[in-house]
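*Asks:* Chains as they are written, first to last, in our numbering: chain D, 193 to 402; chain C, 193 to 402; chain S, 193 to 402. Structure incoming, see below.
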Amino acid sequence: MSESPLLLALDLAGTFAFALNGAITGLRATRLDIVGVLTLGMMTALGGGVLRDTLIDALPPATFRYWPYLVVAAGGSLIAFFLSRPLRRLAPHIELFDAAGLSLFCVTGATKSLQYGLAVAPAVILGAVTGVGGGTIRDVLVRRVPTVLTSGLYAIPALVGAAVAVAAVRAGVYGLPAALGAALACFLIRVAGIRYNLNAPVAPETKNRQ
Amino acid sequence: MSESPLLLALDLAGTFAFALNGAITGLRATRLDIVGVLTLGMMTALGGGVLRDTLIDALPPATFRYWPYLVVAAGGSLIAFFLSRPLRRLAPHIELFDAAGLSLFCVTGATKSLQYGLAVAPAVILGAVTGVGGGTIRDVLVRRVPTVLTSGLYAIPALVGAAVAVAAVRAGVYGLPAALGAALACFLIRVAGIRYNLNAPVAPETKNRQ
Amino acid sequence: MSESPLLLALDLAGTFAFALNGAITGLRATRLDIVGVLTLGMMTALGGGVLRDTLIDALPPATFRYWPYLVVAAGGSLIAFFLSRPLRRLAPHIELFDAAGLSLFCVTGATKSLQYGLAVAPAVILGAVTGVGGGTIRDVLVRRVPTVLTSGLYAIPALVGAAVAVAAVRAGVYGLPAALGAALACFLIRVAGIRYNLNAPVAPETKNRQ
Numbered sequence: 193m194s195e196s197p198l199l200l201a202l203d204l205a206g207t208f209a210f211a212l213n214g215a216i217t218g219l220r221a222t223r224l225d226i227v228g229v230l231t232l233g234m235m236t237a238l239g240g241g242v243l244r245d246t247l248i249d250a251l252p253p254a255t256f257r258y259w260p261y262l263v264v265a266a267g268g269s270l271i272a273f274f275l276s277r278p279l280r281r282l283a284p285h286i287e288l289f290d291a292a293g294l295s296l297f298c299v300t301g302a303t304k305s306l307q308y309g310l311a312v313a314p315a316v317i318l319g320a321v322t323g324v325g326g327g328t329i330r331d332v333l334v335r336r337v338p339t340v341l342t343s344g345l346y347a348i349p350a351l352v353g354a355a356v357a358v359a360a361v362r363a364g365v366y367g368l369p370a371a372l373g374a375a376l377a378c379f380l381i382r383v384a385g386i387r388y389n390l391n392a393p394v395a396p397e398t399k400n401r402q
Numbered sequence: 193m194s195e196s197p198l199l200l201a202l203d204l205a206g207t208f209a210f211a212l213n214g215a216i217t218g219l220r221a222t223r224l225d226i227v228g229v230l231t232l233g234m235m236t237a238l239g240g241g242v243l244r245d246t247l248i249d250a251l252p253p254a255t256f257r258y259w260p261y262l263v264v265a266a267g268g269s270l271i272a273f274f275l276s277r278p279l280r281r282l283a284p285h286i287e288l289f290d291a292a293g294l295s296l297f298c299v300t301g302a303t304k305s306l307q308y309g310l311a312v313a314p315a316v317i318l319g320a321v322t323g324v325g326g327g328t329i330r331d332v333l334v335r336r337v338p339t340v341l342t343s344g345l346y347a348i349p350a351l352v353g354a355a356v357a358v359a360a361v362r363a364g365v366y367g368l369p370a371a372l373g374a375a376l377a378c379f380l381i382r383v384a385g386i387r388y389n390l391n392a393p394v395a396p397e398t399k400n401r402q
Numbered sequence: 193m194s195e196s197p198l199l200l201a202l203d204l205a206g207t208f209a210f211a212l213n214g215a216i217t218g219l220r221a222t223r224l225d226i227v228g229v230l231t232l233g234m235m236t237a238l239g240g241g242v243l244r245d246t247l248i249d250a251l252p253p254a255t256f257r258y259w260p261y262l263v264v265a266a267g268g269s270l271i272a273f274f275l276s277r278p279l280r281r282l283a284p285h286i287e288l289f290d291a292a293g294l295s296l297f298c299v300t301g302a303t304k305s306l307q308y309g310l311a312v313a314p315a316v317i318l319g320a321v322t323g324v325g326g327g328t329i330r331d332v333l334v335r336r337v338p339t340v341l342t343s344g345l346y347a348i349p350a351l352v353g354a355a356v357a358v359a360a361v362r363a364g365v366y367g368l369p370a371a372l373g374a375a376l377a378c379f380l381i382r383v384a385g386i387r388y389n390l391n392a393p394v395a396p397e398t399k400n401r402q
């Protein structure tokens, strides 16, 4: 099965956003040289899609079948590396790149899963897995507890974006506008979560202890 | 190939046990809200089976093809979250849930591997991989050295349970009693290991240093 | 598709080298008993190949289809365990075993990827992924930032070795001498990097801060 142009475009945009995020993470982590930055950027950018394609049995992953993936992932990482000084002002916004990647990947993950025959609920879950996958790999590699565990509004926006995309496909209205709407829904919830430091409820026991 | 009812039942029981264990781990780890607890519970519950199905080429994994997996994994995690106060007394027994998941998954991992054409020895190993997989993912995500490395009696009971199950299949006597017997063998060895803090021998060099 | 004898031989040699490296890492990490050492040795030895075979859709992985993989991985780990005292003098050279595994696996990863239909650039990348995979899994399990991120000359020699192997295949001159030449190119660059503590350039911003 070949990639649709829409899927490819969204996937590459998400790949670019995650490459910037992963590379900047590598620049801020100590002692990463250009190879480390490039490696972390590429793993962050490509990890979610590789996980998705493995789980839906679309092997070898699109990453290794369509050259733009590798080029965009490497290019985004190198841009972050070489422009790290002029882009320094972007560093506080590093989470926005992550949010953009999350938003685009939850949509491509969900719609590609449907295309490969998964049912509605698994497609939504796999969309979220695709969205959070790259950032989780990044966090494990630099030894942070993954954002998906510590941030209340990380998995939820990914599930929302994936659900909107799946609903649009099922309603027969999926296309560029619906895809961008689904991604935007995810992005806005995620950014609101970062901005207002929102979290989901914690368990009663934990609250009492504090 | 469709899942046999016995495989499905054992798999779901193991999924439930690991969901409880993963979610309680998340509750005890700091700052995990309901989404973090649910995510960690589901990854712990579903990780071993997803790994197994990937390695035996049963893709997409059963997790995404049979809805009860996702429901049981989410349900177990939510039960642990909402009943965390009344269940507080269960917390010291958190390792028993892990042991139950280990015991059931080593059996389903080994028998499903045979069903997909693997030879006896690889099926035993893959059974053990299935058993220890979810807990290892859990430990990596919360930044602990995985139990399978630090606890002498974790991989061994999984190998024993898998070997008993494989022997039963090869002898033509596999069924509910044999499956439960194999799981029980694993469970008892694991619990004895926890109870008496048993470990396998360490290397001579290491001993001398102490 | 069956393994060629050359691929199998190189793969097993790399497996043995990584098993020694992983097991010695386990011996030096605290509190690992024989099971932990064996588990870490086997995961280090087999991780890269399992990742490769998953990504090129050669499932189930060769590890579970050809018994010598499991035997060599277990044997290498046990040798490191039982001979840990006489081999103590080898401990400072632990990185050489890693370099040997890296060198052999980047070649087998690249050539097997070509054999399974991947294009030239993805085959080179997948060769490098195969080489660095086992060590990265090892580092994550013992909670170190992976060498591939922190060491400038780890991914690069793997890419060089993979590229030489791919060039030899494309030129129609691939065989034992070309394979060993490609592995040697990787090995020498890696060892020079360790010996002279070479690193790739760091970003301007980072340099200024120091």
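Think of the CB as a built atom: it goes at the ideal place given N, C-alpha and C, for glycine as much as any other residue.
May I ask you to verify whether the region 324–331 of chain S touches the region 260–275 of chain S, counting CB pairs closer than 8 Å and requiring at least 3?
*Replies:* Contact between the region 324–331 of chain S and the region 260–275 of chain S is absent, because fewer than three Cβ pairs lie under 8 Å.
*Asks:* Give the DSSP-derived three-state secondary structure of A306 of chain D in the structure shown.
*Replies:* Note that residue 306 of chain D corresponds to Leu in the displayed sequence, not to Ala. Helix.
*Asks:* When Cβ atoms are compared, which residues of the region 329–344 of chain C fall closer than 7 Å to chain S?
*Replies:* The region 329–344 of chain C vs chain S, Cβ under 7 Å: V332, R335, V337, P338, V340, L341, T342, G344.
*Asks:* With 8 Å as the limit, tell me which residues of the region 315–327 of chain D have their beta carbon closer than that to any beta carbon of chain C; keep them in chain order.
*Replies:* So the list reads I317, L318, given in the order they occur along the chain.
*Asks:* Spatial neighbours of G319 of chain D within its chain, please: C-beta separation below 6 Å, excluding the five flanking residues on both sides.
*Replies:* Once the five neighbours on either side are set aside, the close Cβ partners of G319 of chain D are C298, G301, A302, A354.
*Asks:* Report yes or no: is there a C-beta of chain D within less than 7 Å of the C-beta of L224 of chain C?
*Replies:* So, interface residue.
*Asks:* Extract the residue ranges of the alpha helix (DSSP H) inside the region 225–293 of chain S, only unbroken runs of 4 or more that lie entirely within it.
*Replies:* Segments of the alpha helix (DSSP H) lying fully in the region 225–293 of chain S: 226–247, 254–257, 259–274.
*Asks:* CB-CB under 8 Å to T398 of chain C, same chain, minus the five flanking residues each way: which ones, in chain order?
*Replies:* In this prediction, T398 of chain C scores a pLDDT of 49, lower than 50, which makes its location untrustworthy; the coordinate-derived value is nonetheless stated afterwards. If we look at T398 of chain C and ignore the five residues flanking it on each side, it has no Cβ neighbours.
*Asks:* So, do the region 285–297 of chain D and the region 235–245 of chain C have three or more beta carbon pairs nearer to each other than 8 Å?
*Replies:* As far as the Cβ criterion goes, the region 285–297 of chain D does not touch the region 235–245 of chain C, which means the pair count is below three.
*Asks:* Just to check my reading of the structure: K304 of chain C and L199 of chain C have Cβ atoms closer than 8 Å, yes? What is that Cβ distance to the nearest angstrom?
*Replies:* At roughly 6 Å, the Cβ-Cβ gap stays under 8 Å, so K304 of chain C and L199 of chain C are in contact.
*Asks:* Tell me the rounded alpha-carbon separation between C378 of chain C and V358 of chain C.
*Replies:* Looking at the two C-alpha atoms, the distance is approximately 13 Å.
*Asks:* Drop a sphere of 10 angstroms on the beta-carbon of G364 of chain D, count the other beta-carbons inside from all chains shown, and report buried for 16 or more, exposed for fewer.
*Replies:* The residue in question, G364 of chain D, is exposed, as its Cβ has fewer than 16 Cβ neighbours within 10 Å.
*Asks:* Using a C-beta cutoff of 7 Å, does G364 of chain D count as contacting chain S?
*Replies:* It does not: the Cβ of G364 of chain D has no partner Cβ on chain S nearer than 7 Å.
*Asks:* Are V229 of chain D and G218 of chain D closer than 7 Å when you measure CB to CB?
*Replies:* Contact flag set, yes.
*Asks:* Please tell me whether T217 of chain C has its Cβ less than 7 Å away from any Cβ of chain D.
*Replies:* For T217 of chain C, the answer is no, since every Cβ of chain D falls outside 7 Å of its Cβ.
*Asks:* According to DSSP, is N389 of chain D part of a helix, a strand, or is it coil?
*Replies:* Coil, per DSSP.
*Asks:* With H, G and I counted as helix, E and B as strand and the rest as coil, what does DSSP make of G353 of chain S?
*Replies:* It is helical.
*Asks:* Cβ closer than 7 Å: which chain S residues qualify as neighbours of L306 of chain C?
*Replies:* In chain order: nothing, as chain S lies at least about 12 Å away.
*Asks:* With the cut-off set at 7 Å, would you say L341 of chain S and L390 of chain S are in Cβ contact?
*Replies:* Their beta carbons are not under 7 Å apart, which means L341 of chain S does not touch L390 of chain S by this criterion.
*Asks:* If you draw a straight line from the alpha carbon of R401 of chain D to that of P278 of chain C, how long is it in whole angstroms?
*Replies:* Any reading at R401 of chain D must be qualified, since the residue scores a pLDDT of 42, below 50, and its modelled position is unreliable; the value itself is stated next. Straight-line Cα distance between these residues: approximately 15 Å.
*Asks:* State the start and end residues of the unbroken alpha helix (DSSP H) segment that holds R330 of chain C.
*Replies:* Its alpha helix (DSSP H) spans residues 312–333.
*Asks:* The region 243–271 of chain D: which residues have C-beta closer than 7 Å to a C-beta of chain S, in chain order?
*Replies:* Answer in chain order: T246, L251, P252, P253, F256, W259, L262.
*Asks:* Give me the Cα-Cα distance between A209 of chain D and L288 of chain D, rounded to the nearest whole angstrom.
*Replies:* Their Cα atoms are separated by approximately 9 Å.
*Asks:* Using a Cβ-Cβ distance cut-off of 7 Å, determine whether L199 of chain D contacts chain C.
*Replies:* No, no contact with chain C.
*Asks:* With a cut-off of 8 Å on the beta carbons, I'd call P314 of chain S and L262 of chain D a contact; round off their distance for me.
*Replies:* Yes, P314 of chain S and L262 of chain D are in contact; Cβ-Cβ is about 7 Å, under 8 Å.
*Asks:* Tell me the rounded alpha-carbon separation between V332 of chain S and A283 of chain C.
*Replies:* Computed Cα separation, rounded: 27 Å.
*Asks:* Which bits of chain D does A347 of chain S rub up against, with CB to CB less than 7 Å?
*Replies:* Chain D residues near A347 of chain S: V227, T231.
*Asks:* Check the Cβ of A355 of chain S against every Cβ in chain D and list those closer than 9 Å, keeping chain order.
*Replies:* Simply none; closest approach about 14 Å.
*Asks:* Note down, in chain order, each residue of its chain lying with its Cβ closer than 8 Å to the Cβ of D249 of chain S, except the 5 sequence neighbours on either side.
*Replies:* Within the same chain, D249 of chain S has close Cβ partners Y308.
*Asks:* Let me make sure I understand the geometry here. Which of D:L310, D:G385, D:I216 has the alpha-carbon closest to that of A350 of chain D?
*Replies:* That would be D:G385, whose Cα lies nearest to the Cα of A350 of chain D.
*Asks:* Using the Cα positions of G206 of chain D and R280 of chain D, report the straight-line distance between them to the nearest angstrom.
*Replies:* Approximately 21 Å between the Cα atoms of the pair.
*Asks:* For R220 of chain D, which option in D:W259, D:R257, D:I286 has the closest C-alpha, if you only look at C-alpha atoms?
*Replies:* It is D:I286.
*Asks:* What did DSSP end up calling S295 of chain C once you bin it into helix, strand or coil?
*Replies:* In this structure, S295 of chain C counts as helix in the three-state DSSP scheme.
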